[in-house]
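A.B. asks: Sharing a structure with you now.
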Amino acid sequence: MLKGIAGRTALITGAAGGIGSATARRLHAEGANIVAVDRDADGLDALVAELGDRALAVPADVTSADDTAMFFQRAVDTFETVDMFFANAGVESKVLPLASFDLDDFEKVFAVNVRGPFLGAAEAVRTMMSQPDRGKIVFTASIAGLKGDPGVSVYVASKHAVIGLARSLMKETGPLGIRVNVVAPGPVDTRMMRPLEEGLAALMGTDAAGFQAALSTAIPLARYAEADEIAATAAWLLSDEVPYMHGEIVTVGGGLYP
Ligand SMILES: NC(=O)c1ccc[n+]([C@@H]2O[C@H](COP(=O)([O-])OP(=O)(O)OC[C@H]3O[C@@H](n4cnc5c(N)ncnc54)[C@H](O)[C@@H]3O)[C@@H](O)[C@H]2O)c1
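Each residue of the sequence shown is one higher than the one before, starting from 5 at the first, in our numbering.
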């Protein structure tokens, strides 16, 4: 068991998705109360039914300041504290050369991937400052937050922004006792990879299976990650096992980066 998780409360955004639901399962198995937030209400219901007790579904949109205040309040009303905040909800961008940009796609991706974690982190700090034990925050960025790739400039820019946000926040909150870290996955076998595979394959003149095979070959471990492998890292960063890890960008990419 990981230290410091049992009996505490984790609020997870994107909890109906691949990495978010895997992290909810992992933290719940470690004894945490789970507040599961996503705009996919059916997905949340299925997750909470599976987890059983100590789990609350809160359908919400992370791009809304009102929703964000609401889901933190629901968490505190139900479980009294928010000790772990996993800012994980995210969306992929369209695959397009930058010069052929789609401004609606840009606005959508930045709203979910940057405005969402920004609003969530602000509310998490306000909540944790009223708690004697403070808390921990983990953001899901990506290896796309550390390097560029053709066709995905919008997604890449949004994940660089998440890392910049975390790097500034950790300097503010370290002295206050709130640890902040980032998990930066490489390709993970979730829903999100399917449209990216389609789009990137078209850009490279191949098909999705051909793209997936080429990408897997470029990864030293020769495969995508499973969502629970990212969940294991997020849970570790949110636990008391690593009290001196703060402001770290932890890549989980099977060797893809650097
Ligand atoms: N899958 C990968 O290869 C990969 C790699 C690196 C980073 N990531 C990041 O991991 C995180 C989780 O992605 P995933 O792979 O589990 O994908 P996913 O699509 O399975 O999960 C994302 C979840 O976020 C939710 N969501 C989207 N917009 C929302 C909003 N406005 N409000 C509330 N919820 C919203 C979706 O409903 C979905 O359940 C994302 O931030 C993603 O960018 C994924």
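Even for Gly, the Cβ is constructed at its ideal location relative to N, Cα and C.
Please read these numbers as outputs of a predicted model, since none were measured by experiment.
Which one of I182, L260 and A126 has the shortest CA to CA distance from G139?
C.D. replies: Closest by alpha carbon: I182.
A.B. asks: If you measure from the CB of R195, is any heavy atom of ligand 1 nearer than 7 Å?
C.D. replies: Yes.
A.B. asks: In this structure, how does DSSP classify V166 when only helix, strand and coil are distinguished?
C.D. replies: helix
A.B. asks: For the stretch 38–54 against the stretch 16–26, do three or more pairs of beta-carbon atoms, one drawn from each stretch, fall closer than 8 Å, so that the two count as touching?
C.D. replies: yes
A.B. asks: Can you list, in chain order, the residues of its chain with a C-beta nearer than 7 Å to that of V158? Leave out the 5 residues immediately preceding and following it.
C.D. replies: Within the same chain, and ignoring the five residues on either side of V158 in sequence, the residues whose Cβ sits closer than 7 Å to its Cβ are S97, D109, F110 and V113.
A.B. asks: Hey, is R43 close to ligand 1, as in C-beta under 7 Å from one of its heavy atoms?
C.D. replies: yes
A.B. asks: Looking only at DSSP bridge pairs, what is V62 linked to?
C.D. replies: V41
A.B. asks: Looking at the secondary structure, which residues open and close the beta strand (DSSP E) in which P189 lies?
C.D. replies: Per DSSP, P189 belongs to the beta strand (DSSP E) from I182 to P189.
A.B. asks: In angstroms with no decimal places, state the Cα-to-Cα distance between V246 and L200.
C.D. replies: 33 Å
A.B. asks: Can you give the Cα-Cα distance for L107 and A206, rounded to whole angstroms?
C.D. replies: About 21 Å.
A.B. asks: Assuming I167 and I234 form a contact by the criterion Cβ under 8 Å, report the distance between their Cβ atoms to the nearest whole angstrom.
C.D. replies: About 16 Å separates the two Cβ atoms, so there is no contact after all.
A.B. asks: Under 8 Å: do the stretch 219–229 and the stretch 165–179 share three or more Cβ pairs, one atom per stretch?
C.D. replies: no
A.B. asks: I need the DSSP call for T221, collapsed to helix, strand or coil.
C.D. replies: In the structure shown, T221 falls within a helical segment according to DSSP collapsed to helix, strand and coil.
A.B. asks: What would DSSP say about L123, mapped onto helix, strand or coil?
C.D. replies: helix
A.B. asks: Can you tell me whether T17 is helix, strand or coil according to DSSP?
C.D. replies: strand
A.B. asks: Rounded C-beta distance between G121 and L169? I'm assuming under 8 Å.
C.D. replies: First, the residue type needs correcting, since residue 121 is Pro and not Gly in the sequence shown. Their Cβ separation, rounded to whole angstroms, is 6 Å, which keeps P121 and L169 in contact under 8 Å.
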